[in-house]
Structures are given as C-alpha cells and as structure tokens.
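Q: If you read the sequence shown in my numbering, its first letter stands for residue 128, the second for the next number, and so on. Just so you know, even glycine gets a beta-carbon here, dropped at the ideal spot from N, CA and C. Values in this document were obtained by computation on a predicted structure and should not be read as measured data.
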Amino acid sequence: MWSKVVARHGGRPLSVRGIASSANALRFLIVDGYSPEGRLELTKSGVSIASDLYKRMLSTSADGLPTSFDVLFPSDGPFDTPDLRNYDAVAWTGCSLTVLDSADIRVTRQLELAKQCYAHGVPQYGSCWAAQIAVVAAGGVVSKNPRGREMGLARKMTHRFVAEVEKLYEDPSRRDIAWRLGLDTDVMDENVRYTESRNFIKHLVVPYKLSKTLLE
Numbered sequence: 128m129w130s131k132v133v134a135r136h137g138g139r140p141l142s143v144r145g146i147a148s149s150a151n152a153l154r155f156l157i158v159d160g161y162s163p164e165g166r167l168e169l170t171k172s173g174v175s176i177a178s179d180l181y182k183r184m185l186s187t188s189a190d191g192l193p194t195s196f197d198v199l200f201p202s203d204g205p206f207d208t209p210d211l212r213n214y215d216a217v218a219w220t221g222c223s224l225t226v227l228d229s230a231d232i233r234v235t236r237q238l239e240l241a242k243q244c245y246a247h248g249v250p251q252y253g254s255c256w257a258a259q260i261a262v263v264a265a266g267g268v269v270s271k272n273p274r275g276r277e278m279g280l281a282r283k284m285t286h287r288f289v290a291e292v293e294k295l296y297e298d299p300s301r302r303d304i305a306w307r308l309g310l311d312t313d314v315m316d317e318n319v320r321y322t323e324s325r326n327f328i329k330h331l332v333v334p335y336k337l338s339k340t341l342l343e
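(1) Measuring straight from C-alpha to C-alpha, what distance separates Phe-155 and Tyr-214?
(2) How big is the Cα-Cα spacing for Arg-276 and Ser-338?
(3) Output the boundary residues of the alpha helix (DSSP H) element that contains Arg-154.
(4) Classify Arg-282 as buried or exposed, calling it buried when 16 or more other Cβ atoms lie within 10 Å of its own Cβ.
(5) Please state whether the Cβ-Cβ distance between Ile-157 and Thr-220 is less than 8 Å.
(6) Using the Cα positions of Thr-170 and Ser-178, report the straight-line distance between them to the nearest angstrom.
(7) Could you have a look at Gly-253 and say whether DSSP puts it in helix, strand or coil?
(8) Looking only at its own chain, which residues have a Cβ that is under 7 Å from the Cβ of Val-198, when we skip the five neighbours before and after it?
(9) Spatial neighbours of Glu-164 within its chain, please: CB distance less than 7 Å, with the 5 preceding and 5 following residues excluded, ordered by chain position.
(10) Alpha carbon to alpha carbon, how far is Pro-250 from Gly-191?
(11) Run through the DSSP bridge pairs and tell me what Val-217 is partnered with.
(12) Run through DSSP, which three-state label would Phe-206 get?
(13) Can you name the start and end residues of the beta strand (DSSP E) that Ser-195 belongs to?
(14) What did DSSP end up calling Thr-339 once you bin it into helix, strand or coil?
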C-alpha cells in the first residue's frame, strides 16, 4: 500500500521510506474527552477507555508504519496546550459530554483546543464527539434532535438469549443468527471497519508528515 503513497511539495515527490522507522514514527495526539467519572463508568462495565481503543485502531490502520501516541484528558482539569508542531495528527475520541452545554468548562476547553488545531492546520480525525466539536469550533451550530435522543431497541428478546450473554462475552468472535443469514459480516472485517481511519492516515497524515519533514 505505502509504496505508492507520495506527497508533493514544490514539485518534488516524497516516499514513506523516511518514516518507516520507530525513530520517525507517525505521532498522534489523542484527545480523550471523557471525564474521570465517564472513564470509570466504562471500566466498571468492562469496556476499554476510548483512548486505548483509538491507539489500537490507529496502529492497525497505519498498515505497518510505526506509530506513537500522547493522550490528553482535557476534562480532568486545566492543561497546557501541547505543541502541535510535534504531532502529525490529532484524534478525538467519543465523549459522554454534549457541546450544547456551552457553560461547561470541560466543553469550552476542548472547543478552544480544536480552534488551535484548525489554526495550525494539523489533520484531525474523530467520530460523534469530534463532529460536535469540529462544527462548533469552525463557527457552525449543533442542535438537539427535535424528536429526542435516538436509541436502539432490541425486540423479541427471550430469557434464554439473555442467559447466554455471558457465553457471548467469553467468545466475542462467535457468529450467530445474523451471520447465518449472511448479514453484518463487515462487523468482523477489519478491512471494512478501518476504511475511514486507513484513508485518513494514507491521504492526510502521511502527506502532512512528509511535507513537514521536507520543510525542516
């Protein structure tokens, strides 16, 4: 994959050979927006915290290129803004906060950080929380759904199914009814699940890093 990735600056092609070593890894700043209470709730439920999930996702999506990570927890309290020149990308995790709480200092801290990322020009990536932060930091508006929150509902659940949940946790790779019908195989297919993050690294992060390297 990476043999064909190039960035151009002043007409000069750049290959990725120069960043294929741990000494010159792709450097990510992961912004984990969850509060300490939110992270504790995740771990009590047996779920990995968001920044750990992002580390694994980005490492896998780099397709063999070395990666390194710094994690920032802006909801934990005041912080000094990291020097964005040290990073090739910023990744925003999910979060249990809402950008509609404009008086919440945990939210305003992250909005200010996003504005600085925009001003610096560093590539940014994220999902639900990132979309909220990105829109408002860019001057847009995020509104409540007039119909309320969207919630997924499971129908016709039986006691037998619930009783087997523990077995499902023991073997999360097992395939049940959905796969018997030929549905949702992409859930287990990393090539599908990581499409967006792979494209982000290939088309934004790597060219950005190579361009920085040339200018140094």
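A: In brief:
(1) 6 Å
(2) 42 Å
(3) Careful: Arg-154 lies outside any alpha helix (DSSP H), inside the beta strand (DSSP E) at 153-158.
(4) exposed
(5) yes
(6) 12 Å
(7) strand
(8) Ile-157, Asp-159, Ser-178
(9) none
(10) 20 Å
(11) Leu-156, Gln-251
(12) coil
(13) 194-199
(14) Residue 339 is actually Lys in this sequence, not Thr. Looking at Lys-339 - three-state DSSP - the assignment turns out to be helix.
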